[in-house]
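Reviewing the structure listed below.
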Amino acid sequence: TMQHRVTHLKTLGVQISLDDFGTGYSSLSYLHQFPLNTLKIDRSFVHQMISDPQCRAIIESITLMAHKLGMDVIAEGVETEEELEFLRNHVGCEQIQGFLISPAVAPEEISQRLYEQRLPAPFPTEDAIVSHLTFMGPQ
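Residue numbers (this note's numbering): 96 to 234.
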């Protein structure tokens, strides 16, 4: 079954994320069925959170639930400093993805970019990036 396969990957040290949480095929039952490390909040909530109190409440609730279940949270689609500030200071979101930080980068380019920007460790190595699996649910 899919649950056994994902659990096996977890025992091999692969970090498991549930992508686009709150939309599409993501389901609360996955939180119980699969050994997840991270929930990725869908960008549709992030884009509207500054102007829409309901989106803010959804993001806050997802983050609280994930933390209570021992998971980290990644907010997808962060594009403004205002979004970053809200996620960091009011929600407690550990990680973000989005054009505010960088467009998508191929794993082989990461080391070079870190060197060019002289960013200090610890940043994920290519091996760590490859060992992180994002679970998108049945398609």
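Beta carbons are placed, not taken as given, at the ideal position from N, Cα and C, and that holds for glycine. Bear in mind that the values here come from a model prediction, so they are computed numbers and not experimental data.
Item to check | Assigned secondary structure, F129 (DSSP; H/G/I helix, E/B strand, else coil) | outcome: Looking up residue 129 in the sequence shown gives position 34. Residue state, collapsed to three classes: coil.
Item to check | Cβ-based neighbour list, F116, same chain, cut-off 7 Å, excluding 5 preceding and 5 following | outcome: Taking the first residue of the sequence shown as position 1, residue 116 is located at position 21. If we look at F116 and ignore the five residues flanking it on each side, its Cβ neighbours are L134, K135, I136, D137, I157.
Checklist entry - Quick one: what's Q190 bridged to in DSSP? => result Reading the sequence shown from its first residue, position 95 is the one you call residue 190. In the DSSP secondary-structure assignment, Q190 is bridged to I169.
Item to check | Given 8 Å, three or more beta-carbon pairs between the region 171-189 and the region 136-156 | outcome: In short, these stretches touch, since the Cβ pair count reaches three.
Checklist entry - Excluding sequence positions up to five away, which residues of its chain have a Cβ less than 7 Å from the Cβ of F140? => result Position 45 of the sequence shown, counted from the start, is the residue given in the question as residue 140. Here the set comprises G117, C150, I153, I154.
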